[in-house]
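Just below is one structure, and these are the notes that go with it.
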Amino acid sequence: MLYSIFYSIASNIKCDKKSFYAYARSKAKSKIQISSVSDYKGRQIHDDLEMAEAFNVYFTSVFTREDVSSLPDPVDIFTDLDDKKLLVVAFTIEDVKDQLEKLRVDKAAGVDGLSPRFLMEIKNEIAYPLFILFEKSLCTTCIPEDWKCANVTPIYKNGNRNLTENYRPVSLTSQICKMFESIRRDALVHHLESKCLINDSQHGFRKGRLCLTNLLTFLEKVTGYIDSGSNVDTVFLDFAKAFDKVPHYRLAMKLASHGIGGKVHDWLVEWLSGRYQRVCLRGSLSSWLAVLNGVPQGSVLGPILFLIYINDLDIGIKNCLLKFADDTKVFGKISDPTGHFLLQDDINQLIEWSADWQMLFNVDKCKVMHFGKKNQEYEYFMNGHKLDSVTAEKDLGIWISHDLKASQQCIQAYSTANKLLGVLNRTIKCKDVGNLLCFYKSLIRPHLEFCTAWSPHYVKDKVLIEKVQRRFTRMIPHLKNIPYEERLAILKLWSLEDRRVCADLIEVFKITHGYSSVTLDTFFEIDSTGRTRGHPWKLKKKRSNTDLRHHFFSDHVINWWNKLDHDVVCATSVNTFKNRLQRIWERDEFVFGP
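For the sequence shown, our numbering assigns the number 649 to the last residue and increments by one with no breaks.
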């Protein structure tokens, strides 16, 4: 019986991680839950209903009344008058059926109580009625009341668990509405991407752009500047409750400036207006409160609408600016006081934008980091407030340090993965090899490999990261006393160092063959010396003046890439490339690592 439970959890672990954590929590001696919170008067409350009310009061307190008396003029992003605007969204019953097929049964129902599992079971019967409903909603711009209401779940972020401000509201909305949102989202994305309306600085919620591409682009420029003898100052910006602060009238203006009009524009405006939310906490429901502005966190359309709203943030910026949704950083070379003044001017420009568009920065959380051994460490100000200077900052889940070494990130990744490995060891009593491998690959190893931009080059960091996998392989009873390399061979696992090299090669393949949205010349230069041996995608090795640059992605990966065979590099897809790398490794024809 116990084995069947573990097998069921393991077999579904890739698509349903919740089951494992729920089982682990049920076996834990101490239960982590919201026991009490402080209300707006500072009074400690313990009752579930009162806590739900306190959360709802706080979540709605961040809303602000939009100032429509003085509206800024939006930049007209859609400038091609001969091109067609997005006025209607055409879809078929087959599109509705596809959305029904994509429903995830482990997701929660919205206010209407219609769960994805129930909708999946009757999908053939409801496909056509839903098609009629969606068409009617778009033509009349009339939206059912249930679609505008949300059950909000408080999700803990960090800090004191008894403070409501340390929780994030995630909206659980109607699954039927989300299906229609997905159809609308696809049309919006096609319109924006096909006409290149979203700035290249944005890496969030876009195909071919990830946390990895954002960080690699950032580190490519920073390490390049330092390698040429310059210093770099970076300001990490933090918007205050970004998704919850988007003003609806201003957003409607931004939609029009991006060529979104007609029924599509009117439907989006109607979908955003007149919304209500309540907080659900352990079965207790708060009262309904109005949602004055913002895009719902947890909705399908929310992220793309936010990208549109923040798209013109780059305009007027002289230095480099990178975004991942609302996570923004601006940085530049600071070789003399002129560079400092230019970066301060950019900060002032951003402050002006935030005031005009009522998207204010949380100045206390905005930080500046100085890179370079001879950096003068100039001071920067926002609204008269001096920004704190830091030596390490967490950016997109990765710890960036002022010396650009990976040690702190390795320590954090090791700590997180090692704790999870302990949970796995205590929770799973049946040490079946297949089940343990499923859990390890899905729950633990991703923490050690998230975003390979931080790939370590110091032996001590590599050893620390590898410790987790060594410990995991010793958890299997009959392998405990066998050397590590033999354990890996028996389990058909790669060392983590080999996997990092492989991940870098896969990223190079994506960049060179157009599977990534970042361009080839951002990182590499094709070797045009005319050599015929090898493959046609050989990269030119540039001179590095510092060890920092020598060990960075765009430098250290070139030797491995240039050694690959022609049939591997010229694979027709990413999966084919991965499979051919796998076969090379299995035949020991290509050795990863130094």
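Glycine included, C-beta positions come from ideal geometry on N, C-alpha and C. In this text the structure is predicted, and so the values were computed from the model without any measurement.
Euclidean distance between Cα positions of residue i and residue j
| i | j | result |
| --- | --- | --- |
| Val27 | Val350 | Since the first and last residues shown for the chain are 56 and 649, residue 27 lies out of range. |
| Glu200 | Ser229 | 10 Å |
| Lys262 | Asn490 | 33 Å |
| Asp161 | Arg172 | 8 Å |
| Lys651 | Trp202 | Shown here, the chain extends from 56 to 649; a query on residue 651 therefore has no answer. |
| His320 | Ile181 | 27 Å |
| Glu220 | Val112 | 11 Å |
| Leu659 | Asn417 | Because residue 659 is not part of the residues shown, which for the chain are 56 to 649, the question remains open. |
| Gln464 | Asp458 | 12 Å |
| Lys460 | Asp128 | 44 Å |
| Leu292 | Leu158 | 36 Å |
| Phe386 | Ser409 | 18 Å |
| Phe494 | Arg554 | 18 Å |
| Val277 | Val488 | 44 Å |
| Phe505 | Leu551 | 12 Å |
| Phe436 | Gln399 | 7 Å |
| Phe361 | Leu193 | 21 Å |
| Phe189 | Gln154 | 12 Å |
| Lys618 | Trp592 | 11 Å |
Close beta carbons around residue i, own chain, < 6 Å, minus the five adjacent residues each side
| i | result |
| --- | --- |
| Ser170 | Ala164 |
| Trp640 | none |
| Ser470 | none |
| Glu325 | Thr196 and Ile198 |
| Ile613 | Leu594 and Lys596 |
| Ser525 | For the sequence presented, residue 525 should be read as Arg rather than Ser. Closer than 6 Å at Cβ, skipping near neighbours: Tyr539. |
| Ile581 | none |
Residue i and residue j closer than 8 Å at C-beta
| i | j | result |
| --- | --- | --- |
| Leu141 | Ile315 | yes |
| Phe118 | Asn269 | no |
| Leu546 | Thr528 | yes |
| Glu236 | Val355 | yes |
| Arg305 | Leu415 | no |
| Leu492 | Leu479 | no |
| Ser256 | Asp131 | no |
| Trp615 | Val556 | yes |
| Leu310 | Ile389 | no |
| Asp391 | Lys422 | no |
Secondary structure of residue i, DSSP reduced to three states
| i | result |
| --- | --- |
| Lys384 | strand |
| Asn417 | coil |
| Met530 | coil |
| Leu104 | helix |
| Pro649 | Confidence is the limiting factor: at Pro649 the pLDDT is only 38, short of 50, which leaves the residue's position unreliable and the question unanswerable from this model. |
| Tyr222 | strand |
| Glu448 | strand |
| His425 | strand |
| Lys233 | helix |
| Arg542 | helix |
| Ile520 | helix |
| Trp549 | coil |
| His440 | strand |
| Ile483 | coil |
| Ala508 | helix |
Residues of its chain near residue i, where Cβ-Cβ distance is below 8 Å and the 5 sequence neighbours each way are ignored
| i | result |
| --- | --- |
| Asn348 | Phe118, Thr119, Glu121, Asp299, Lys300, Val301, Pro302 and His303 |
| Asp610 | Lys596, Lys597, Ser599 and Arg604 |
| Gly97 | none |
Cβ shell of residue i (< 7 Å), same chain only, five flanking positions each side left out
| i | result |
| --- | --- |
| Ala508 | Leu267, Leu270, Leu271, Leu274, Ile453 and Phe608 |
| Ser85 | With a pLDDT of 48 at Ser85, under the threshold of 50, the modelled position of this residue cannot be trusted; read the value that follows with caution. Closer than 7 Å at Cβ, skipping near neighbours: no residue. |
| Arg239 | Val144 and Leu356 |
| Leu227 | Ala163, Gly165, Ala205, Asn206, Thr208 and Gly353 |
| Cys625 | His590 |
Cβ of residue i within 8 Å of any chain C Cβ
| i | result |
| --- | --- |
| Ser409 | In the structure shown, chain C cannot be found, because there is only a single protein chain. |
| field | Cβ contact (3+ pairs, closer than 8 Å) linking the stretch 473-489 and the stretch 451-464 | value | no
| message | Below 8 Å, how does it come out for the stretch 367-385 and the stretch 246-253: are there three or more Cβ pairs, yes or no? | response | Fewer than three pairs of CB atoms, one per stretch, sit closer than 8 Å, so the stretch 367-385 makes no contact with the stretch 246-253.
| query | Just checking, does the stretch 569-588 make contact with the stretch 606-625 on the three C-beta pairs under 8 Å criterion? | reply | Counting Cβ pairs under 8 Å, three or more are found: they touch.
| query | If we count Cβ pairs, one from each stretch, closer than 8 Å, do we get three or more for the stretch 322-338 versus the stretch 427-440? | reply | no
| query | With contact counted as at least three CB pairs below 8 Å, one residue from each stretch, are the stretch 333-344 and the stretch 100-111 in contact? | reply | yes
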